[in-house]
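Undergrad: Chains S and E, in that order, are what the protein sequence lines are. Numbering of the first sequence is given in the numbering used here, commencing with residue 1 and proceeding in unit increments. Numbering of the second sequence is given in the numbering used here, commencing with residue 1 and proceeding in unit increments. Structure provided below as structure tokens; questions to follow.
Protein chains: 2
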Amino acid sequence: MTVTQNTSFFDQHFLNHISLDCVVFGFHDNQLKVLLIRRKFTKEWALPGGFVRGDESIEIAATRVLQERTGLDNIFLKQFKVFSEPERSKRNPIVQDLVESGARPDLEWFKQRFISVGFYALVDFSKVEPTPDSISDLCDWKNLGEVDSLILDHNQILNKALETLRLQLNYQPLGYNLLSDRFTMPELQRLYETILAKELDRRNFQRKMLSYGILNKLKERKTGGAHKAPYLYEFNLENYQKALQNGLYGGW
Amino acid sequence: MTVTQNTSFFDQHFLNHISLDCVVFGFHDNQLKVLLIRRKFTKEWALPGGFVRGDESIEIAATRVLQERTGLDNIFLKQFKVFSEPERSKRNPIVQDLVESGARPDLEWFKQRFISVGFYALVDFSKVEPTPDSISDLCDWKNLGEVDSLILDHNQILNKALETLRLQLNYQPLGYNLLSDRFTMPELQRLYETILAKELDRRNFQRKMLSYGILNKLKERKTGGAHKAPYLYEFNLENYQKALQNGLYGGW
């Protein structure tokens, strides 16, 4: 429908109308963080994203984009929703100015309507090397509570990813890849609390988590703290995988 | 990328590269059924689907398509996956023949690559009036076990919808809209068994279902059967809605 006459790099390499956006979560210093990029010209913050090549599925495209932004090869990505409001890709006036003044004809392509497939990923914070894309000058982690206004509907995409995670906390395990191999119960609780954006009762949390059978309690305690040293745990990966498949309460 | 020079009806009205497919489930005579259409020329069976207009979100487009196929206005539709393998929309040779012989130039548009958003819906079988679209000559229910080869990757889309439903049976209630307002425990069990494609133990099923608190047991029994008349149940809609939100086992 909206066929541009401009045969830019983007025209030649990517499918019209289709984009993808990635919500990449990491956990560090007891904070849930999200990976963002900053656009070169407008200095607006955005989710890392990209477009789909002729020979790619949307999953392959998302994997390529995240490999470029993080340096990581085997990121577990999950599609969670398609964002397609007709008004969603109305461009920022500054970008439109750049196109219309002739300063950046290659940005013309960005003015078409895009339907974007949202993915989220949970990654090991310490292994990521944030790298901006060609239209950005910065790629960095932000604490979830400190994310301001993002471009287009990217705040909505981020919120929907969080909402999906929150629902999943009710029936699937979470934490592998986000926590260290060995962690304390308070660290696991802090991760849940950050995602849920509310405080949880310590004793109820511990009782519920232990009842799922996805944790191994280790003999070692965490050292170095001022208080009584808490026990260390690790995930029982066999049970963790089963619970991902059948839910925390088992299948039919 | 694949820009067609042909300005057919489809070109003028729909976004390139984007389609949607709907897996519509109904339950009747103790059978889970799926709504299919038959293509006029090739007599192949397919899932009902369509394309996205310039002023539509993908949800609005899917609602329009299903309104046209079923006559129903307020269908609860759920996005479950985007299907985007580059090879998925390689056309059937018969359709290609029709286009290339010049007999149906309006079908040219169908030869481009499509990325399809999969939706599923659970509907009241008795209220649906199956209606074929402009390129089909039949729209009808098929028992799930009797679905043969469908066009393109539609078998895969159907299977993925089923897999999604099966997972949801582990943490969300199901049955409202599919069963009559009042139903027996064996009818509910039969619905679960059809979706899971396996038999369930009668007593365990009843115990587990009752433990969720989403059923009201009625005083009346079902009449007319040869055996001892089973009790009738209805869904407790308040608890049913809560369980849809927080899961059958409650939230954090």
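Even glycine gets a Cβ: it sits at the ideal position worked out from N, Cα and C.
Taking the alpha helix (DSSP H) that S/D137 belongs to, which residues open and close that run?
TA: S/D137 -> not in any alpha helix (DSSP H); beta strand (DSSP E) instead, spanning 136-143.
Undergrad: Can you pull out the residues from the segment 154-188 of chain E whose beta carbon lies closer than 7 Å to at least one beta carbon of chain S?
TA: Listed by position along the chain: L169, N170, Y171.
Undergrad: Starting from the Cα of E/H17, find the closest Cα among S/D133, S/R69, S/L215, S/I115 and give me that residue.
TA: The shortest Cα separation from E/H17 among S/D133, S/R69, S/L215, S/I115 belongs to S/I115.
Undergrad: Three or more C-beta pairs closer than 8 Å, one from the segment 37-52 of chain E and one from the segment 128-138 of chain E: is that the case here?
TA: Yes: at least three Cβ pairs fall under 8 Å.
Undergrad: What residues of chain S sit near E/V82, judged by a beta carbon separation below 7 Å?
TA: Simply I58, Q79, V82, V117.
Undergrad: Measure how close the beta-carbons of S/N177 and S/V123 come, nearest whole angstrom, since I'm counting them as under 8 Å.
TA: Contact holds; Cβ gap of about 6 Å.
Undergrad: Could you tell me which residues DSSP pairs with S/Y249 in its beta bridges?
TA: Looking at the DSSP assignment, S/Y249 forms no beta bridge with any residue, so it has no partner.
Undergrad: List the residues of chain S whose Cβ lies closer than 9 Å to the Cβ of E/L66, in chain order.
TA: Correct list: empty, because the minimum Cβ distance to chain S is about 16 Å.
Undergrad: Within the continuous beta strand (DSSP E) that includes E/A121, where are the two ends?
TA: Residues 115-122.
Undergrad: Report yes if the C-beta distance between S/Y212 and S/T164 is below 8 Å; otherwise report no.
TA: No, the pair does not count as a contact, with Cβ atoms beyond the cut-off.
Undergrad: How is the alpha helix (DSSP H) around S/R166 delimited, first residue to last?
TA: Per DSSP, S/R166 belongs to the alpha helix (DSSP H) from 154-168.
Undergrad: I'd like to know if S/N6 contacts chain E, where contact means its C-beta is closer than 8 Å to some C-beta of that chain.
TA: Confidence in S/N6 is poor, its pLDDT being 49 and thus under 50, which makes the residue's placement unreliable; the coordinate value appears in the next sentence. Not closer than 8 Å to any Cβ of chain E, the Cβ of S/N6 fails to qualify, so no.
Undergrad: For E/V147, which three-state DSSP category applies?
TA: Looking at E/V147 - three-state DSSP - the assignment turns out to be coil, as it is neither helix nor strand.
Undergrad: In three-state terms, what does DSSP make of S/Y212?
TA: Of the three classes helix, strand and coil, the one that applies to S/Y212 here is coil, per DSSP.
Undergrad: Run through the segment 45-98 of chain S for me and flag every whole alpha helix (DSSP H) of 4 or more residues, listed as ranges in chain order.
TA: Entirely contained in the segment 45-98 of chain S, the alpha helix (DSSP H) runs reaching 4 residues are, in chain order, 58-70.
Undergrad: Run through DSSP, which three-state label would E/I18 get?
TA: In the structure shown, E/I18 sits in a strand (DSSP, three-state: E or B).
Undergrad: Please report whether the beta-carbon of S/E108 lies at a distance below 8 Å from any beta-carbon of chain E.
TA: Not an interface residue.
Undergrad: Taking E/Q112 as part of the alpha helix (DSSP H), name the residues at either end of that continuous run.
TA: Counting along the chain, E/Q112 falls outside any alpha helix (DSSP H), and DSSP gives it neither H nor E.
Undergrad: Terminal residues of the continuous alpha helix (DSSP H) containing E/Y192?
TA: Where E/Y192 is concerned, the enclosing alpha helix (DSSP H) stretches over 185-196.
Undergrad: Return helix, strand or coil for S/Q241, following the three-state DSSP convention.
TA: S/Q241 falls in the helix class under three-state DSSP.
Undergrad: In chain order, what residues of the same chain lie with their CB nearer than 6 Å to the CB of E/Y171, ignoring the 5 residues before and after it?
TA: The answer, listed in chain order, is G247, L248.
Undergrad: May I ask you to list, following chain order, the residues of the segment 30-62 of chain E that have a beta carbon less than 8 Å from some beta carbon of chain S?
TA: If the cut-off is 8 Å between Cβ atoms, the segment 30-62 of chain E has V52, G54, D55, E56, S57, I58, E59 near chain S.
Undergrad: May I ask you to list, following chain order, the residues of the segment 233-248 of chain S that have a beta carbon less than 9 Å from some beta carbon of chain E?
TA: Flagged, chain order: Q245, N246, G247, L248.
Undergrad: What residue range is occupied by the uninterrupted alpha helix (DSSP H) comprising E/F9?
TA: Here the alpha helix (DSSP H) through E/F9 covers 9-13.
Undergrad: Which residues, taken in chain order from the segment 212-225 of chain S, show a beta carbon closer than 7 Å to some beta carbon of chain E?
TA: From the segment 212-225 of chain S, no residue has a Cβ closer than 7 Å to chain E.
Undergrad: Short check: CB of S/F80 to CB of S/A197, under 8 Å?
TA: Result no, Cβ atoms of S/F80 and S/A197 do not sit closer than 8 Å.
Undergrad: To the nearest angstrom, how far is it from the Cα of S/E187 to the Cα of S/F110?
TA: Taking the straight line joining both Cα atoms gives about 42 Å.
Undergrad: Using the three-state DSSP reduction, which class does E/R31 fall into: helix, strand or coil?
TA: According to the sequence displayed, residue 31 of chain E carries Gln and not Arg. Residue state, collapsed to three classes: strand.
Undergrad: What is the DSSP secondary structure of E/K217, counted as helix, strand or coil?
TA: Three-state DSSP puts E/K217 in a strand.
Undergrad: Given a cut-off of 8 Å on the beta-carbon distance, is the pair E/L144 and E/L72 in contact?
TA: Contact: no.
Undergrad: Please return the same chain residues whose Cβ sits closer than 8 Å to the Cβ of E/F10, not counting the five positions on each side in sequence.
TA: Answer for E/F10: F51, D106, W109, F110, listed in chain order.
Undergrad: Verify the CB distance criterion: does S/H28 have a CB-CB separation below 8 Å to chain E?
TA: For S/H28, the answer is no, since every Cβ of chain E falls outside 8 Å of its Cβ.
Undergrad: When the cut-off is 8 Å and only beta carbons count, does E/L152 lie next to chain S?
TA: No, E/L152 lies away from the interface with chain S (no Cβ there is under 8 Å from its Cβ).
Undergrad: For S/N6 and S/L152, I'd like the C-alpha separation in whole angstroms.
TA: With a pLDDT of 49 at S/N6, under the threshold of 50, the modelled position of that residue is not reliable, and no figure is offered here.
Undergrad: Using the three-state DSSP reduction, which class does S/L200 fall into: helix, strand or coil?
TA: Here S/L200 sits in coil by DSSP.
Undergrad: Per DSSP, what kind of secondary structure is E/F25 in: helix, strand or coil?
TA: The answer is strand: DSSP assigns E/F25 an E or B state.
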